[in-house]
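Chains A and B, in that order, give the protein sequences. With the first letter of the first sequence counted as 1, position 67 gets the number 67 in this note's numbering; the numbers rise by one all the way through. With the first letter of the second sequence counted as 1, position 469 gets the number 1469 in this note's numbering; the numbers rise by one all the way through. Backbone N, C-alpha and C fix where the C-beta goes; we use that ideal spot for every residue, glycine too. In this text the structure is predicted, and so the values were computed from the model without any measurement. The structure under discussion appears below in the form of structure tokens.
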Amino acid sequence: MFAFVLTTHLRGGAMWIRENWETSQINPAGFADFADPSRLIRCITQNQTETLAVAEEALRSGAVSLVIMQLSQPVGLTEGRRLQLAARDGDATGLAIIPEGMGSNAVETRWRCTPVFDPETGAEDSTLQRWELIKNKSGTLGVWHVRWDTAARRLVMVSPAGK
Amino acid sequence: MFDGIQRRVVSLWFPRLASDRVLRLRAFDGPFVLTLKQKNSNRIYCLNRAAEHQGLHPGMPYADACAFCPELQSQIAEPEQDHRFLRALCRWATRYCPWVGVDGTDGLVMDVTGSTHLFGGEAPMLGDMRMRLMRSGLSVQIGCADTRGAAWALAHYDEGIAPSGDMLAALTDLPVAGLRIDEDMSIALQRLGLRSIGDLAKAARAPLTRRFGPGLLLRLDQALGAQPEDISPHADPPHYAVRITLPEPIGLLADVMAGTERLLSQLCAKLKAQEMGARKLCLTLRRVDQGQQHVELRLARPLRDAKRILPLFERGLSEIDAGFGIDQLRLEATQVESLPIQQISHVSDRRQDRLDDLISRLGTRIGLENIHRFLPADSHIPERSFIIAPAAYSEPAGGWNSLNPRPLILFPPEPIAASGPRPPARFRWRRMSLTTGRATGPERIAPEWWLGDENWRSGLRDYWRVETREGRRLWLFHTPQNPSWFVQGEFA
Chain A
1 MFAFVLTTHL
11 RGGAMWIREN
21 WETSQINPAG
31 FADFADPSRL
41 IRCITQNQTE
51 TLAVAEEALR
61 SGAVSLVIMQ
71 LSQPVGLTEG
81 RRLQLAARDG
91 DATGLAIIPE
101 GMGSNAVETR
111 WRCTPVFDPE
121 TGAEDSTLQR
131 WELIKNKSGT
141 LGVWHVRWDT
151 AARRLVMVSP
161 AGK
Chain B
1001 MFDGIQRRVV
1011 SLWFPRLASD
1021 RVLRLRAFDG
1031 PFVLTLKQKN
1041 SNRIYCLNRA
1051 AEHQGLHPGM
1061 PYADACAFCP
1071 ELQSQIAEPE
1081 QDHRFLRALC
1091 RWATRYCPWV
1101 GVDGTDGLVM
1111 DVTGSTHLFG
1121 GEAPMLGDMR
1131 MRLMRSGLSV
1141 QIGCADTRGA
1151 AWALAHYDEG
1161 IAPSGDMLAA
1171 LTDLPVAGLR
1181 IDEDMSIALQ
1191 RLGLRSIGDL
1201 AKAARAPLTR
1211 RFGPGLLLRL
1221 DQALGAQPED
1231 ISPHADPPHY
1241 AVRITLPEPI
1251 GLLADVMAGT
1261 ERLLSQLCAK
1271 LKAQEMGARK
1281 LCLTLRRVDQ
1291 GQQHVELRLA
1301 RPLRDAKRIL
1311 PLFERGLSEI
1321 DAGFGIDQLR
1331 LEATQVESLP
1341 IQQISHVSDR
1351 RQDRLDDLIS
1361 RLGTRIGLEN
1371 IHRFLPADSH
1381 IPERSFIIAP
1391 AAYSEPAGGW
1401 NSLNPRPLIL
1411 FPPEPIAASG
1421 PRPPARFRWR
1431 RMSLTTGRAT
1441 GPERIAPEWW
1451 LGDENWRSGL
1461 RDYWRVETRE
1471 GRRLWLFHTP
1481 QNPSWFVQGE
1491 FA
């Protein structure tokens, strides 16, 4: 969801890169509420090396403003730095979806997003999330509880649930 | 009135084109037929002379033919190949004159006006044609006359050369079928007693037109030269390839790129003249040791802009091993699509261009078929509510609206242990023990019976949106006709 919210906030297209063994896939009918599916392009790669190469190329081109890659192995410092330089050249944002505990030291920020059960609100508006900034090179860390306002298409910050 | 050289037309008819083509490759003297599935049975499409002597004829069922002639050999006909062979013959025939057209499926028609003297007159020219065609194993009938219709009639019914001038005298004894009319009409004419072209020419014209329509007399006039008739030569398809041969071999990447740039600008000018755009390009580099290397480039959309195509070649060219040097470059657009000239608009479309370039560049690395775009589809089945189309061959489309919330992530159904029509209070999924906090549903989705989908064999599905106390919001479904529970997706 973090990725899709980011897609909405950045103007221009997005690219989603995943490896071909992955069985789960993003559902355009589901994320249509967050971002316009026609702006998204999906690439399927053979392995992580290809994923990183495609991501670097896409970031550098400046044709898309957000590149989302699904990674399964840790990213080394060199690769992370290369992606960063590419992102700076192309004025684009790169986002890696990583498994727990596999972050790279090269990144600017790292977030942990977990859905939170909210017993108070109704069933039709249950998008409460806890977004935790767990690494930030240029600032402080923080925790936010947010929910998605479908009608306004924007993020609403709320106080922590159940307190 | 200027009365120049008398027009002369040669008509070639290959009565056994299809079987001759096959028998050229496999020598066989016995009866041989080509069969084609027509009218729901295997019928004879074309046969050789030996088979004709056995009493077989085209259109006869193949089973009957086998009964008549046990030693019969056969093969399946390929009309497409025959047509290609005829086109090759058409090209061959331009050695006699430049104006050659294809006539139906088994004939050629040539306007030899003014070129006969190069072969020593009409008769030696026709003799030369016949000799060369016979040597290559083709049976042919040749007619030569002042008009296309008369030449056709002679080729089919009475081989020979009609003396220039009076066509009626040459055709007068030929049957009416020689006028290129259909079979029903020729039978009807014979019933009227008009058996030969001479009879028809003598008959009154008005009643004939009233009975048979204007087509019959048009054909007669065309044969006799009262009405003109064209021969349309087959135009060569435009050829999108350019090459450059170098006096000294080159090996540096910058040099090869410069050569490619020169070729590209030529090719793009060619493409622009035809209003075409290249979709696939192939650059062939010939080395001095005769080795060849190819660089393929597939583009995300048809292009003919040399400046934009050139950088896309960089990656492919950097992998080339120049060896002792490259002395020839050849660039061919192997696949082209029409790209009409467009008005330049003041609204800048640079972003779209850049995206297309990016897709082309990524396509050279991971393949264009691996870059997708989502298109909406009209289906309630969650897996089929969208189409995944290759981004290079589709346009983005809108119209995404779902009445019910759909999960962000879909995966193949994963079974969980539960029973009963309502979602379980506790369940285990992916080694996590989850407690249901709130369940919304059911939303019943019926399978699309008109599409036999294996995954939907278990019948109806009742979808529930389950919010767990642990936080995850899952999409569960229950199959009442075949009781079991599955997890299929995850919400935001």
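task = Under 8 Å Cβ to Cβ from F1212/B, same chain only, skipping five residues before and after it: list those, please.
result = As a working mapping, residue 1212/B is identified with position 212 in the second sequence. Answer for F1212/B: M1185, A1188, L1189, listed in chain order.
query = How many Å lie between G944/B and H1083/B at the Cα?
reply = Any property of residue 944/B remains undetermined from this structure, which presents chain B solely from 1001 to 1492.
ask   = Quick one: which chain B residues come within Cβ less than 7 Å of G13/A?
value = Position 13 of the first sequence, counted from the start, is the residue given in the question as residue 13/A. Those are L1355, listed as they occur along chain B.
message = For H1294/B, report the span of its beta strand (DSSP E) as first-last.
response = Along the second sequence, read from residue 1 onward, the residue named residue 1294/B stands at position 294. Its beta strand (DSSP E) spans residues 1292–1303.
request  = Report the rounded CA-to-CA distance for D1173/B versus L1012/B, giving the unit in angstroms.
outcome  = In the second sequence, residue 1173/B corresponds to position 173, counting from 1. In the second sequence, residue 1012/B corresponds to position 12, counting from 1. Answer to the nearest angstrom: the Cα atoms are 20 Å apart.
inquiry  = Please list, in chain order, the chain A residues whose beta carbon lies closer than 7 Å to that of W1400/B.
reply    = Residue numbering aside, residue 1400/B sits at position 400 when the second sequence is read from its first letter. Chain A residues near W1400/B: P28, A29, A32, P37.
ask   = What does T49/A reach in chain B if we use C-beta pairs closer than 9 Å?
value = Walking along the first sequence from the start, residue 49/A turns up at place 49. Neighbours of T49/A on chain B: none; closest Cβ ~11 Å, over 9 Å.
key: CA-to-CA distance, S38/A to R1373/B, given in whole angstroms   = The residue given as residue 1373/B occupies position 373 in the second sequence. The residue given as residue 38/A occupies position 38 in the first sequence. Cα to Cα, the separation comes out at about 7 Å.
6 Å CB neighbourhood of E1443/B in its chain, flanking five on each side removed = Residue numbering aside, residue 1443/B sits at position 443 when the second sequence is read from its first letter. Cβ within range, chain order: N1404, Y1463.
key: Element boundaries [beta strand (DSSP E), containing R130/A]   = Mapped onto the first sequence, residue 130/A falls at position 130. Here the beta strand (DSSP E) through R130/A covers 129–136.
task = From the DSSP output, read off the bridge partner residues of E1467/B.
result = Within the second sequence, residue 1467/B is the residue found at index 467, counting from 1. BP columns for E1467/B point to R1438/B, R1473/B.
task = Please report the Cβ distance between L1056/B and Y1045/B, rounded to the nearest whole angstrom; I am assuming they are in contact, meaning their Cβ atoms lie under 8 Å.
result = Your numbering for residue 1056/B matches position 56 in the second sequence. Your numbering for residue 1045/B matches position 45 in the second sequence. Contact doesn't hold; Cβ gap of about 12 Å is too wide.
ask   = In whole angstroms, what separates the C-alpha of V75/A from that of L155/A?
value = Your numbering for residue 75/A matches position 75 in the first sequence. Your numbering for residue 155/A matches position 155 in the first sequence. Their Cα atoms are separated by approximately 30 Å.
task = Could you check the C-alpha separation between F1247/B and C43/A for me, to the nearest Å?
result = Within the second sequence, residue 1247/B is the residue found at index 247, counting from 1. Within the first sequence, residue 43/A is the residue found at index 43, counting from 1. As written in the sequence, residue 1247/B is Pro, which differs from the Phe given in the question. So the alpha carbons of these two residues sit roughly 44 Å apart.
key: Exposure of Y1393/B, with buried meaning 16 or more beta-carbon neighbours within 10 Å   = For the purposes of this step, residue 1393/B is identified with residue 393 of the second sequence, where counting begins at 1. Per the 10 Å Cβ criterion, exposed.
task = Classify K163/A as helix, strand or coil using the three-state DSSP reduction.
result = Stepping through the first sequence from its first residue, residue 163/A is reached at position 163. Note on K163/A: pLDDT 44, under 50, position unreliable in the model; the coordinate value appears next. Of the three classes helix, strand and coil, the one that applies to K163/A here is coil, per DSSP.
request  = Count the other CB atoms, across all protein chains shown, that sit within 10 Å of the CB of E50/A; report buried if there are 16 or more and exposed otherwise.
outcome  = Counting from one through the first sequence, the residue named residue 50/A turns up at place 50. When all chains shown are included, E50/A counts as buried.
request  = Please state whether DSSP places V1176/B in a helix, a strand or coil.
outcome  = The sequence position of residue 1176/B within the second sequence is 176, counting from 1. Residue state, collapsed to three classes: helix.
ask   = Measuring CA to CA, which of P1098/B, Q1222/B, Q1274/B is closest to P1238/B?
value = Position 238 of the second sequence, counting from 1, holds the residue named residue 1238/B. Residue Q1274/B is the option with its Cα nearest to P1238/B.
key: Local conformation of M157/A per DSSP, three classes   = Within the first sequence, residue 157/A is the residue found at index 157, counting from 1. If DSSP states are grouped into helix, strand and coil, M157/A belongs with the strands.
inquiry  = Going by DSSP in three states, R1008/B sits in which element: helix, strand or coil?
reply    = Walking along the second sequence from the start, residue 1008/B turns up at place 8. Note: R1008/B maps to coil in three-state DSSP.
inquiry  = Rounded to the nearest angstrom, what separates D1357/B and C1268/B at their Cα positions?
reply    = Stepping through the second sequence from its first residue, residue 1357/B is reached at position 357. Stepping through the second sequence from its first residue, residue 1268/B is reached at position 268. So the alpha carbons of these two residues sit roughly 17 Å apart.
query = Which residues, taken in chain order from the stretch 1407–1429 of chain B, show a beta carbon closer than 8 Å to some beta carbon of chain A?
reply = P1407, L1408, I1409, L1410, F1411, P1412
inquiry  = Comparing C-alpha positions only, which one of S1419/B, M1060/B, D1106/B sits nearest to E1080/B?
reply    = On the second sequence, position 80 is the one that residue 1080/B refers to. Considering only alpha carbons, the answer is D1106/B.
ask   = What residues in the stretch 99–124 of chain A bring their beta carbon closer than 7 Å to a beta carbon of chain B?
value = T114, P115, V116, F117, P119, A123
message = Mapping the DSSP letters down to three states, classify C43/A as helix, strand or coil.
response = Taking the first sequence and counting its residues from 1, one reaches residue 43/A at position 43. DSSP places C43/A in strand when its eight states are reduced to three.
request  = Drop a sphere of 10 angstroms on the beta-carbon of D1289/B, count the other beta-carbons inside from all chains shown, and report buried for 16 or more, exposed for fewer.
outcome  = As a working mapping, residue 1289/B is identified with position 289 in the second sequence. By the neighbour-count rule (16 or more Cβ atoms within 10 Å), D1289/B is not buried but exposed.
query = Since I1250/B and V1256/B are thought to touch, with beta carbons under 8 Å apart, how far apart are those beta carbons, to the nearest angstrom?
reply = What you label residue 1250/B is simply residue 250 of the second sequence in a count that begins at 1. What you label residue 1256/B is simply residue 256 of the second sequence in a count that begins at 1. The Cβ separation is near 6 Å, so the contact holds.
Endpoints, the alpha helix (DSSP H) within which D1255/B is located = Here residue 1255/B refers to the residue found at position 255 of the second sequence. Element bounds for D1255/B: 1253–1273.
Contacting positions in the stretch 51–82 of chain A - beta carbon closer than 8 Å to chain B = A53, V54, E57, A58, S61, G62, A63, V64
task = Answer yes or no: do L95/A and A3/A have a C-beta to C-beta separation smaller than 8 Å?
result = Walking along the first sequence from the start, residue 95/A turns up at place 95. Walking along the first sequence from the start, residue 3/A turns up at place 3. Yes, the pair counts as a contact, with Cβ atoms nearer than the cut-off.
query = Relative to chain A, which residues along the stretch 1365–1376 of chain B have a C-beta separation below 7 Å, given in chain order?
reply = R1365, I1366, N1370, I1371, H1372, R1373, F1374
query = Going by C-alpha distance, which of C1097/B, D1029/B, S1136/B, V1102/B is nearest F1119/B?
reply = Taking the second sequence and counting its residues from 1, the one referred to as residue 1119/B is at position 119. Considering only alpha carbons, the answer is C1097/B.
task = Give the secondary structure of G1489/B by DSSP, where H, G and I count as helix, E and B as strand, and everything else as coil.
result = On the second sequence, residue 1489/B is found 489 positions in, with the first residue counted as 1. Here G1489/B sits in strand by DSSP.
query = Does DSSP put H145/A in a helix, in a strand, or in coil?
reply = The sequence position of residue 145/A within the first sequence is 145, counting from 1. It is a strand residue.
query = In chain order, what residues of the same chain have a beta carbon less than 8 Å from the beta carbon of S1164/B, not counting five sequence neighbours either side?
reply = Locating residue 1164/B in the second sequence gives position 164, where the first residue counts as 1. Result list for S1164/B: Q1006, R1008, D1146, in chain order.
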